[in-house]
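Residue numbers (the numbering used here), protein chains in the order written: chain A, 2 to 322; chain B, 2 to 289.
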């Protein structure tokens, strides 16, 4: 176990380094740069461009820039945004909470609803309920999140006028306290609804598949033959054995809480990481782009390793060598 | 009987059994019928489309009517004709990206599993690393910075999605290399690479095929997301871009964004259903 953990952590570390170097070169070698954008379209002053480039070290060879970046990174500094002239970590922290509010809420909702529906459908395989749920699952599974978001806006905002179409708070009202919380909740309904609906089929399918396998196991027949109550067998044995893949799926989803909802955030103009990335790309804001990507890849790597550890502890059949 | 015939017979018998089981699987049949329909639409697009998809023929944002069953968009182009032509782009990007992922995954996974040892250790590490890279942001950066032409989109999706296939193929190769017919082939003096391509890959490719089918669906969704972010190839008619255009008019002209979305759902669902069907038929544990 210890050796396995060490190996996985090493892979995680390697991934982050690969991602770092790959992105650095991709971003810096691509056409367009932040200084030209900053200098403006008409009448840019060459002198000013040169000074600004020197200030951010962009006049040096790329490998020197990479080395400088890594050195500041090792000090725990993600650098300064060139366009917004603020620390990258500050910009990310401002948005990260907003994104997590959406993604974590919908991840938990999708887990609960999807698993419950999966269990309901597994009780009588091939029944009308099972067929209808499976069909809905297929449709939702195939749906682009941003499109579902637009359709929900069309239905609930434009037509029924129940919920606001975009943003996180009403910009015209400056709410405080409970009113503020309620306003945010109202703005959350549609984006969280979209992400939840998109997330449900994954849990539905995995629950159904693993229950189908567990229900076929021999011990069920044994317990039934021994006269045990069918519901009790299900609760005590089948469910416990079948829930493991569901939890793993949940863990894997959590790995993508930062990056996974970018398009849905953009549909609802939610002030999260998705919009931050898009603006960083459009303005070629190198340090910001690097910072966002670094945070994302570290979180993915850490979560994947945690899921592996959990799996190794939870399932005694798995022994890593 | 030579080892080659045994292996070919094995493959043939499995294929026949498999075709029978596949056609008995409901999802697979629905998916296959949907795909046939979609393929026909793509091939017959010039015949089926009432107008030129690029032509500015009607009033702006005209509601669905007899002349324009799906209305017109913000430039007065016929939405139905654009949805029909969009089929071509989605299918092309989806299949080529998935095929690239399938080929890369198969060769890397098979090499790792079959040769084992140091080769396996290194390749497995590479697979694990690529598996951990958050792909959507990477694809986003590459396409946004390197140019959003169709080739870039296909290649970058293919290059980031192969590790799943590689893992499947590797485990197949690991178990196949100990089988009798492989040992027999080795005894008759066939070279290792020949064994890999003639026995290991053909006999172990089935799970990769079903996974690759699913990846066509994922690739279509990824392309749509990119287009929706304004990063689609501007020279093409793509469903994602149509939704991107229609987004602004969602409350006044819903048809511009709604219909291409439905087209995406149907196409993606077809590939998922076929992939699921293949999976169930190939995995005896799931067969009921």
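Every residue gets a Cβ at the ideal spot worked out from N, C-alpha and C, and that includes glycine.
No residue range can be given for residue 286(A), since it is assigned to no alpha helix (DSSP H) and is classified by DSSP as neither H nor E.
DSSP places residue 79(B) within a strand segment (E or B) once states are collapsed to three. The closest CA to that of residue 144(A), considering only 222(B), 79(B), 253(B) and 25(B), is found on 222(B).
For residue 115(B), the closest of 159(B), 87(B), 194(B) and 71(B) by C-alpha to C-alpha distance is 194(B). Residue 91(A) sits exposed, since fewer than 16 C-beta atoms from the chains shown fall within 10 Å of its C-beta. A buried status is given to residue 281(B), since no fewer than 16 other beta-carbon atoms sit within 10 Å of its beta-carbon. In terms of Cβ geometry, residue 16(A) and residue 39(A) do not form a close pair [threshold 9 Å]. Taken in chain order, the complete alpha helix (DSSP H) segments of 4 or more residues contained in the stretch 97 to 160 of chain A are 129 to 142 and 146 to 153. For residue 294(A), the closest Cβ of chain B is nearer than 9 Å. Residues of the same chain with a CB within less than 7 Å of the CB of residue 310(A), apart from the 5 flanking positions on each side, are 6 in chain order. Around the C-beta of residue 24(B), fewer than 16 other C-beta atoms lie within 10 Å, and the residue is accordingly described as exposed.
Residue 283(A) has a beta carbon lying within less than 9 Å of a beta carbon in chain B.
Just so you know, the alpha carbons of residue 81(A) and residue 63(A) end up roughly 18 Å apart. Nearest CB-CB separation between residue 135(B) and chain A: below the 9 Å threshold. In terms of beta-carbon proximity, residue 163(B) stays away from the interface with chain A, with every pair separated by 9 Å or more. DSSP links residue 81(A) through a beta bridge to 88(A). With a threshold of 9 Å between beta carbons, residue 107(A) makes no contact with chain B. By the rule that beta-carbons nearer than 9 Å mark a contact, residue 222(B) touches chain A.
Under a criterion of Cβ atoms nearer than 9 Å, the residues of chain A adjacent to residue 142(B) are, in order, 24, 27, 28, 31, 278, 282, 290 and 294. Of the residues assessed, residue 47(A) falls on the exposed side of the cut-off, its CB having fewer than 16 other CB atoms within 10 angstroms. Shown here, residue 73(B) sits in a strand according to DSSP, grouped into three states.
If you check each beta-carbon in the stretch 177 to 200 of chain B against every beta-carbon of chain A, none falls closer than 8 Å. Proximity to residue 218(B) across 176(B), 275(B) and 259(B) peaks at 275(B), based on C-alpha coordinates. Less than 9 Å divides the Cβ of residue 87(B) from the Cβ of residue 243(B).
Shown here for residue 211(B): same chain residues with a beta carbon closer than 7 Å to its own, the five before and five after excluded, namely 276, 279, 280 and 283 in chain order. At a cut-off of 9 Å, the C-beta of residue 168(B) has no neighbouring C-beta in chain A.
DSSP places residue 58(B) outside both helix and strand once states are collapsed to three, so it counts as coil. When 7 Å is used as the limit between beta carbons, residue 274(B) is near these residues of chain A: 139, in chain order. Of all residues in the stretch 143 to 173 of chain A, the ones placed with a Cβ closer than 9 Å to any Cβ belonging to chain B are 143, 144, 145, 146, 147, 148, 149, 151, 152, 154, 155, 158, 159, 160 and 166, in chain order. The Cβ-Cβ distance between residue 237(B) and residue 155(B) does not fall below 9 Å. Per DSSP, residue 65(B) lies in no alpha helix (DSSP H) and is assigned neither H nor E.
Residues of the stretch 52 to 86 of chain B with a Cβ closer than 8 Å to any Cβ of chain A: none. For residue 15(A), the neighbours in chain B by C-beta distance under 8 Å run, in chain order, 126 and 130. Proximity to residue 234(A) across 217(A), 245(A), 246(A) and 247(A) peaks at 217(A), based on C-alpha coordinates. Residue burial is scored here from C-beta neighbours: residue 292(A) has at least 16 other C-beta atoms within 10 angstroms and is therefore classed as buried. Taking 3 residues as the shortest admissible run, the stretch 239 to 289 of chain B contains no complete beta strand (DSSP E) segment at all.
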